[in-house]
Every structure is written in C-alpha cells, then in structure tokens.
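The structure appears below as structure tokens.
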Amino acid sequence: MITKALISPKSIVVVGGSDDVHKPGGATLRNLISTNFQGELYVVNPKCDTVQGIKSYREISDLPSVDCAILAIPAKLCLAAVETLCNQKACKGIIILSAGFGEDSKEGGIIEKKIVEICNSTGTGLIGPNCIGVMTPQYAGVFTQPIPRLSNKGATLVSGSGATIVFILEAAMQLGLTFSQVFSVGNSAQTGVEDVLEYLDENYVEGESSKVLMLYIESLNHPDKLAKHASSLIRKGVKIAAIKSGYSEAGSRAASSHTGAMASPDKAVNALFRKIGIIRCYSRIELVNVAAAMMFPTPSGKRVAIITHAGGPAVMQTDVLSSNGIEIPHIEGPKAQELLTKLYPGSSVANPIDFLATGTAEQLGHILDACENDFDVDAMTIIFGSPGLTEVYDVYDLIAEKIKKANKPMYPVFPSVYNVRNEIAAYHEKGLISFPDEVALGSAVAKIMNRPAPITENELPPVDKALIREIVDNSENGYLSPEKTQQLLDAAGINRTKEFVASTSQEALKAAKEIGYPIVMKVVGPVHKSDVGGVTLNIKDDVTLASEFTRMMGIKDATGVLLQPMLSGTEIFIGAKREDKFGHLIMCGLGGIYVEALKDINCALSPVSKDEATEMIENLRSVKLLKGTRGKEGVNIPLFNEVIRRVSALCEAAPEIFEMDINPLLGNSRTLTAVDVRIRIEK
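Residues in the sequence shown are numbered consecutively from 1399, following this note's numbering.
Here it is in structure tokens:
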C-alpha cells in the first residue's frame, strides 16, 4: 500500500546512514540533504553521534516518532528494526533498500513475509525490499544518481527493477523529461506495480496529478488489478507507456493443440495492453521517447508537417512515419506560396518544409505560424541542429515560445548534442523537452497516433449458460467427447456440421447413410489427426468407407472414427487458451494446415468486443483471402466476427475450458460451419 508517509513525509530516518557516500545508507542521506528535504531528518548509526552533519541515534528505540524510515542495513537486522519503527515510533512508511530477502534465500523469504505482516497490521506502507527507493517533489529517498528534476507536472515512473530506473532516468534527463514521482518496488513484498497504480488512480486530482505514466514490469502478478486502475487512469486523461520484459519464448511450454502452441503469456500481455489502451515499448530508449512525446498535446489526427533545415534527417523521419501509416501531406495553395515568399530562394514548403541551412529564427517562426493556423496538419516536428559555426539560442528560444502557445503539438529535434549542448541545456532549464534523434521520435509519434481507443464495450452474444454449466460440471478433466463438444457448440449458438462417432464398421455404414456421400472420416483419440494419417477426405462409397475404418482403428490410441459430410469453403480458425491470471486468450486466423505454417493469428482477451473482433480479422495478413480475391468466394466477415464473440461467451460461461480449437471452420459468403472442434477441460 502507498501511504501519505511514503509520498510527503514530515520526518525521515535513514537507518544505516553513514559518512561513506559510496554505500547505500550514506548515498541516500547525501541525496536527501542535497535536494533540501524540508522535514526533520534523522540517522541511526550505532557508532556515530553525527553523520554528514545530521544528528545520529545509536539505537532505533532512541528515536522520536518518525513518518518514514529508509533502511540500509543487513537483511537479518531489518525485521527488528521494522518492528520497533511500526509499533513504537508511529512510522507509516518503510523503504527497505537492502537485498538478501526472498530473492536470495528461503530464510530471507521468511523474514520478508514477517516484515509484511507487521506493516499490514499497523497500516504501514512498505516499498521493497531490494529496491533503490522513492522520489517525489518532497524528497529524494534513493541511494542512486542521477536525481532528475522533480515536479508535479512531470511524468511518473514505476519499476520492478532498481537498476533499470537509473538507466531510464539517465536517458530521460537527456531529453529534458521531468518526473513527478519515481517508485522502485523491488521485490514487491507488499507493494507492487499494480498497487502503485491503484494509489495513483484513487488519489488522482485533475490539474495536479501526473498525466504521463511510465511502467517497467518484470512480473505481472495481478493483471485484473492493473487493468482496472490503468483503465480508470486513462479515462481520466492519463497516457501510459509500459515495458513488460521477458517476452521471448525461450524454454516455451509443450502444448497439445494448435491454440496452445501459439498462445503465450506475452500474447496475453499484448492483448491486455491493447484492451486498456497502454502503449507497449520494448526498450528503455523507446519508453523514454514515447513518454516524452506523450508530454505534448495529443495530436487530433495523423497528418504531420516536417520542418527542417537539413534534408537527410527529414527524409529518414518521413520514412519511419510513412511506413507506420502516418501521413506527410503535400502542402500547396495560396498560403503555401505566401509562406515561400518569406523564405530564402531554394526553400521548399511542399512538406517536408525545408528552409535551408541558412534559415533564420524569424523564418522558422513564419513556418510554425503557418502550420499552426493555415495548413491542414495535426502535428509538427522541427529538426534544427548546427554545424558549430554559430550559436542557436535565438532559434531554440523561439521554438520554446511557440510550443507554449501552440494548440498543435510541436516536437523539436535537436540533433547537435555536442555542438549546441549549451543551448540544449538552456532549453531544458525552461522545463521543455527535446529529442536528439528524428527516427526515434518518429517511431514514438507513430505509436501515439496509432494507439487504438481503449475497449469499453464488452457485450457478448447470448448463449445457453445453464446448459453449458451442466455439460462442464458433469465432465472430467481432459478433452471432451465429440458428443459433449457438439452439445457445447449448440449451447453457444455455433453452427456445426452433422457428425457421428462410430466404434464398429456397421455403425460407420449406418452413419454414412444418414449423412450421405461424400464423407470425411477422422480418427478419434490422437490429438493431431493429420500427423498420424487419421483424416480421409471425399469418401464416396461403402467399400472405401469400410476399408478406411479398419485402417484408422489400427492407429495408435484410436478409440473410434468420426464421420462428417464433405463440405467446401475457406478454412478459417478460432481458438481459445486460458492464460494463468489473464483469463482466456481468443485467437483467429486462416485455418487448416496454414494455422501453424503461416502463424497468421491475432488475439484478444475475453470478453471480446465487436470492435476487438473486427480488429482481429482486419489486421490478419490473409484478410484479403478471407474477403475473396480473384473471383474466389470470400467468408461472411460479420458472421466470423460473431463466432469469435460466441467462443468468448462460451469461455466466460465455462472458465474451466483450458484449450479450444475450431479448425477448420469452413466459411463462405452465407454460412460458417465448425467442422473439427476440440475442447479441453481443466478444472
């Protein structure tokens, strides 16, 4: 939990503070002193009466009451310290910098658990252990450097990794990004990333709270909690960018179905972030650039003017923006001609707007005014460096002035980080942000402009929940029989092919008469039927049927043979996979053998809205095939959308479904028919 004592303490004690600023306790004390903490500051050090000029107590028991304690002592001493602080000194905020707890050993884990119990029982907020600390505009309770500029208007950074915070801050400060609050949650013994989000959400004040939130997440333990509070913050106007590390599938799980093989926790993370409206980043630099760009007004559209005095960077930025679906509109007409008369001969206003290496601050002002008031663009990027021949304070001062007054975002790129480092530093001193690289900025702006709106509508098609529950409640773990699978499809309103399971040749012949030739035969038992020769198509007579039945029953693990009518259409695929903590991941794509061969699959977390299902289909690489091409009949897309949501509704009614495959789902312009379906139950 986050308490007031962790945000704005009136008194702080550094337990383990020392004169050695190369140790965590000494460095933390130095940072508190150098950033002018305005409250009472104490130290506990058994060997000193003063530390860095601050009164030091020999024992924690000698302290007066204190709001917040920062512990930089061995792990084995922390339990007794916390006990005294919480029970005798009215301490409501504990930050444990020390390592050697649950991340280190079983014994350390026991100590960590007992510390959490004490903090919970006394209403004390705990950050850590094994963290770098907390920073707010009131104090810098960390042992690391650098200390960024702290302001209520800055971004908020929450990280599960202490070292990563340091690297993020270093990159961010080079852009001039300021911070409102920085939380390093370490082991998240009591307070994790999701808990900080809860605090930020429940204590949000319009006009005062941070509008940009940066997350670095290593373990997502409570995705439902993250979704609740991140969604709420986004509805309040907060923009969120996040890294979720550990997305590779090294050591991937063995899975028995197509869906299980292609689903993964990382796909669930992507689907969760998409549903919420979080921009996912994959590196520190990308996170910093996206967060810095989010500090500007949100563009109202996807039309960008690139303003430059250097052609190469403008071309590279045009490439990255255009390749991500951002328009660089051609600018022409009377207003463009009027602007051109104010620039040096040889300049171009077509977009990119190039006012040459000799362009002046005054000319740049005319360009920015025209883009703001006359041209149909939604945002501007300004690329202005220097070969080192002259100072450019006047240009950067003008850019600062225009940015403060503009309604459209103006993103400045200052690539000459050496030649005009003094001018850039002066620009940042005004509390403004700049970017050193036009391509990195272009990628960040594209992510912001392409971010889909958060999903708010989750209404699903009606299904027979009572029948679904009856079937699932009376089923054992494992794959359902074909009969129960058919019943579940019927209860979910999913059209299926007529089918029969035969265990004898006579039953197979009887089923064939009811279905009518041509017929498809599939072995029952083995999971991957095609791999073991367990599928035969277009059977047209009794002799072939009897022969194939005998052959299939000889396949290892065969328990019967499934008979279906031979249908035609485009093979598509819908699946579901239950992901631990996330719920069901619903998947769709081109079906049949192409599922694993092409891996053209899109996902969404259940419940899947109509808009999400539309995105899943429209973003498939094979969508043109599904819609019909070169005279071939396409698939009924609205019906495809509905079946995706019916599978979602089935999973919502039966969370015991662990894996589900409909492959193929045969589609044409009129109907979709489930041909081969497997449902695995794990209670």
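Beta carbons: idealized from backbone N, C-alpha and C, even for Gly. Predicted model only: the values in this text are computed from it and were never measured.
Mind checking whether the beta-carbon of residue i lies closer than 8 Å to any heavy atom of the ligand SAH?
i: residue 1950; result: As for the ligand SAH, it is missing from this structure, which has no ligand bound.
CB-CB under 6 Å to residue i, same chain, minus the five flanking residues each way: which ones, in chain order?
i: residue 1538; result: 1429, 1433 and 1545
i: residue 1741; result: 1753 and 1761
i: residue 1599; result: 1627, 1630 and 1631
i: residue 1804; result: 1770
i: residue 1534; result: 1405 and 1579
i: residue 1841; result: 1718
i: residue 1768; result: 1737
i: residue 1409; result: 1437, 1438, 1464 and 1465
i: residue 2075; result: 1883 and 2060
Contact check, residue i vs residue j under 8 Å by CB: the rounded distance?
i: residue 2006; j: residue 1984; result: 5 Å
i: residue 1752; j: residue 1712; result: 7 Å
i: residue 1673; j: residue 1853; result: 5 Å
i: residue 1641; j: residue 1685; result: 5 Å
i: residue 1989; j: residue 2062; result: 4 Å
i: residue 2019; j: residue 1998; result: 5 Å
i: residue 1922; j: residue 1941; result: About 22 Å; that fails the 8 Å criterion.
Go ahead and pull the three-state DSSP assignment for residue i.
i: residue 1709; result: helix
i: residue 1963; result: strand
i: residue 2062; result: strand
i: residue 1752; result: strand
i: residue 1517; result: helix
i: residue 1663; result: helix
i: residue 1505; result: helix
i: residue 1423; result: helix
i: residue 1884; result: helix
i: residue 1793; result: helix
i: residue 1810; result: strand
i: residue 2046; result: helix
i: residue 1773; result: coil
i: residue 1620; result: coil
i: residue 1401; result: coil
i: residue 1651; result: Confidence in residue 1651 is poor, its pLDDT being 42 and thus under 50, which makes the residue's placement unreliable; the coordinate value appears in the next sentence. Coil at residue 1651, not helix or strand.
i: residue 1994; result: helix
i: residue 1459; result: helix
i: residue 1988; result: strand
i: residue 1491; result: strand
i: residue 1628; result: helix
i: residue 1636; result: coil
i: residue 1597; result: helix
i: residue 1866; result: helix
i: residue 2076; result: strand
Apart from the five residues on each side of it in sequence, which residues of its chain come closer than 8 Å, Cβ to Cβ, to residue i?
i: residue 1436; result: 1536
i: residue 1681; result: 1641
i: residue 1763; result: 1796 and 1800
Taking the Cβ atom as the reference point for each residue, do residue i and residue j lie within a distance shorter than 9 Å?
i: residue 1509; j: residue 1474; result: yes
i: residue 1488; j: residue 1411; result: no
i: residue 1910; j: residue 1932; result: no
i: residue 1472; j: residue 1496; result: yes
i: residue 1514; j: residue 1555; result: no
i: residue 1446; j: residue 1666; result: no
i: residue 1962; j: residue 2073; result: yes
i: residue 1866; j: residue 2070; result: no
i: residue 1431; j: residue 1442; result: no
i: residue 1610; j: residue 1636; result: yes
i: residue 1930; j: residue 1972; result: no
i: residue 1415; j: residue 1449; result: yes
i: residue 2064; j: residue 1883; result: no
i: residue 1584; j: residue 1621; result: no
i: residue 1603; j: residue 1558; result: no
i: residue 1426; j: residue 1565; result: no
i: residue 1492; j: residue 1477; result: no
Keeping to the same chain, check which residues put their C-beta closer than 7 Å to that of residue i; ignore five residues upstream and five downstream.
i: residue 1893; result: 2069, 2070, 2071 and 2072
i: residue 1663; result: 1977
i: residue 1651; result: Note that residue 1651 scores 42 on pLDDT, short of 50, meaning its location in the model is unreliable and no value can be drawn from it.
i: residue 1831; result: 1573, 1574, 1575, 1690 and 1693
i: residue 1837; result: 1714, 1715 and 1718
i: residue 1758; result: none
i: residue 1935; result: 1918 and 1964
Whole alpha helix (DSSP H) runs in the segment 1917-1980 with 4 or more residues, listed along the chain? Segments of the alpha helix (DSSP H) lying fully in the segment 1917-1980: 1940-1951.
Start-end ranges of the alpha helix (DSSP H) lying completely within the segment 1813-1854, minimum 4 residues: For the segment 1813-1854, whole alpha helix (DSSP H) runs of length 4 or above, ordered along the chain, are 1819-1827 and 1836-1848.
Report the residue ranges of all beta strand (DSSP E) runs contained in full by the segment 1530-1572; include only those spanning at least 3 residues, in chain order. Within the segment 1530-1572, the complete beta strand (DSSP E) runs of at least 3 residues are 1531-1534, 1537-1540 and 1548-1557.
Can you check the segment 1997-2027 for any alpha helix (DSSP H) of at least 4 residues that lies completely inside it and give the ranges in chain order? Listed in chain order, they are 2008-2016 and 2021-2025.
Curious, which full-length beta strand (DSSP E) runs of at least 3 residues does the segment 1668-1727 contain? 1677-1679 and 1702-1706
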